[in-house]
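A.B. asks:
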Amino acid sequence: MERLLRHSKRHDIHIFLVNNGSTTQDATKFADEVKSNCRVTILEYDRPFNYSAINNFAVSIVPKEYENLILMNNDLFVSDDDWLDTLMGEMVIDPTVGIVGGKYLFENRTVQHCGVILGFGGVAGHAFAHESEYFPGYGARGFITHQVSAVTAACLLIRRDIFDAIGGFDEKDLTVAFNDIDLCIKATQAGWKIILTPDFVAEHHESISRGLEDSPKKIARFAREQRAMKRRWKNILGHDPFFHPAFAREGRTFHDLHAPAMGQRQKATILTAGS
Numbered sequence: 002m003e004r005l006l007r008h009s010k011r012h013d014i015h016i017f018l019v020n021n022g023s024t025t026q027d028a029t030k031f032a033d034e035v036k037s038n039c040r041v042t043i044l045e046y047d048r049p050f051n052y053s054a055i056n057n058f059a060v061s062i063v064p065k066e067y068e069n070l071i072l073m074n075n076d077l078f079v080s081d082d083d084w085l086d087t088l089m090g091e092m093v094i095d096p097t098v099g100i101v102g103g104k105y106l107f108e109n110r111t112v113q114h115c116g117v118i119l120g121f122g123g124v125a126g127h128a129f130a131h132e133s134e135y136f137p138g139y140g141a142r143g144f145i146t147h148q149v150s151a152v153t154a155a156c157l158l159i160r161r162d163i164f165d166a167i168g169g170f171d172e173k174d175l176t177v178a179f180n181d182i183d184l185c186i187k188a189t190q191a192g193w194k195i196i197l198t199p200d201f202v203a204e205h206h207e208s209i210s211r212g213l214e215d216s217p218k219k220i221a222r223f224a225r226e227q228r229a230m231k232r233r234w235k236n237i238l239g240h241d242p243f244f245h246p247a248f249a250r251e252g253r254t255f256h257d258l259h260a261p262a263m264g265q266r267q268k269a270t271i272l273t274a275g276s
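Here it is as structure tokens:
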């Protein structure tokens, strides 16, 4: 929070923190410290964890005067004074841009997120996951701002009117996983562009507060949400317009080629010349 406020001094922002059952001494101490800050409001959400519902609840509280929303997890750390200018600049340059995300790194400085590829690994996968932060990627996408099909909600900028128009997050069928992918697909279907800008880099300690998807209950819930996404977007997930169908949809992104079906194989003749 200190970093966020320190690196956002030049902007008229207000931070809405949602407390979902935090009871540790550190959390209590933190809440007491920020209560006096006029730029911070703490919201209490005392129901079971539901990522979609928590974000929808927070947005419903935010006054309408705030035309742009930054959705940010509590495990993402900003260290750039220009981070908001970078994100919002994409909307200024192109008014058809509805959502903007950045390049996020694990603690070991490998890539956690550089855009989302639909259909990769099943429902969706992060581009260049676990590659070096200096890895340029296919077409230098690791360094160049480009259009994508989706970005993670670990940190994204979205126009308030778009969020409201497309119904926000699905808090019924996508309580934890894939709700950000669903949100981005709905925005795209409504005619808006999704942009990934690697000019904004932040550190993301993924699942630091909620834990991993490793219990039988969490695994079952994840499987249900996978099925929900495949039912809803079955005609879209296998056809990401920003990922060539020749690439394999598992393993490293933009790396291995997909073996074509027999009917798609082309005949070729090898010509050799010798003396």
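In the numbering used here, the protein residues as written are 2 to 276.
Beta carbons: idealized from backbone N, C-alpha and C, even for Gly.
May I have a chain-ordered list of the beta strand (DSSP E) segments no shorter than 3 residues that lie completely inside the stretch 180–208?
C.D. replies: Counting only runs of 3 or more, we get 194–205.
A.B. asks: Taking DSSP as the reference, what is the three-state secondary structure of R7?
C.D. replies: By 1-based counting over the sequence shown, the position of residue 7 is 6. R7: helix per DSSP, three-state reduction.
A.B. asks: Is L88 helix, strand or coil when you go by DSSP?
C.D. replies: Mapped onto the sequence shown, residue 88 falls at position 87. In this structure, L88 counts as helix in the three-state DSSP scheme.
A.B. asks: Measuring CA to CA, which of G168, D83 and V98 is closest to A54?
C.D. replies: Mapped onto the sequence shown, residue 54 falls at position 53. The shortest C-alpha separation from A54 is found at G168.
A.B. asks: Examine the Cβ distances between the stretch 215–231 and the stretch 96–115 and report whether three or more of them are shorter than 8 angstroms.
C.D. replies: These segments do not touch.
A.B. asks: Taking contact to mean at least 3 C-beta pairs separated by less than 8 angstroms, is the stretch 117–136 in contact with the stretch 71–85?
C.D. replies: Too few Cβ pairs lie closer than 8 angstroms, so no.
A.B. asks: Can you name the start and end residues of the beta strand (DSSP E) that M73 belongs to?
C.D. replies: In the sequence shown, residue 73 corresponds to position 72, counting from 1. Segment N69 to M73, the beta strand (DSSP E) holding M73.
A.B. asks: Between the Cα of M89 and those of A128, L157 and C39, spot the shortest distance and give me the residue it belongs to.
C.D. replies: In the sequence shown, the residue the question calls residue 89 occupies position 88. Nearest of A128, L157 and C39 to M89, Cα basis: L157.
A.B. asks: G120 and D241: beta carbons closer than 8 angstroms?
C.D. replies: One-based indexing of the sequence shown puts residue 120 at position 119. One-based indexing of the sequence shown puts residue 241 at position 240. For G120 and D241, yes; Cβs fall inside 8 angstroms.
A.B. asks: Closest by CA to I163, which one among K65, D76 and H15?
C.D. replies: Translated into the one-based positions of the sequence shown, residue 163 becomes position 162. That would be K65, whose Cα lies nearest to the Cα of I163.
A.B. asks: Taking just the CA atoms, how far does R4 sit from N180?
C.D. replies: Along the sequence shown, read from residue 1 onward, the residue named residue 180 stands at position 179. Along the sequence shown, read from residue 1 onward, the residue named residue 4 stands at position 3. Straight-line Cα distance between these residues: approximately 27 angstroms.
A.B. asks: Can you list, in chain order, the residues of its chain whose CB lies under 7 angstroms from that of F17, leaving out five sequence neighbours each side?
C.D. replies: Taking the sequence shown and counting its residues from 1, the one referred to as residue 17 is at position 16. T42, L44, A59, I62 and V63.
A.B. asks: Is the beta carbon of L85 sitting closer than 8 angstroms to the one on H15?
C.D. replies: Sequence index remark: in the sequence shown, residue 85 carries index 84 (1-based). Sequence index remark: in the sequence shown, residue 15 carries index 14 (1-based). Their beta carbons are not under 8 angstroms apart, which means L85 does not touch H15 by this criterion.
A.B. asks: So for R40, helix, strand or coil by DSSP?
C.D. replies: For the purposes of this step, residue 40 is taken as the residue at position 39 of the sequence shown. Coil at R40, not helix or strand.
A.B. asks: Report back the beta-carbon spacing between P199 and G140 to the nearest angstrom; my notes put them in contact at under 8 angstroms.
C.D. replies: Here residue 199 is taken as the residue at index 198 of the sequence shown, counted from 1. Here residue 140 is taken as the residue at index 139 of the sequence shown, counted from 1. Contact doesn't hold; Cβ gap of about 12 angstroms is too wide.
A.B. asks: Just how far apart, CA to CA, sit N48 and Q190?
C.D. replies: Taking the first residue of the sequence shown as position 1, residue 48 is located at position 47. Taking the first residue of the sequence shown as position 1, residue 190 is located at position 189. This sequence places Arg at residue 48; Asn is not what is there. Spanning the two alpha carbons is a distance of roughly 31 angstroms.
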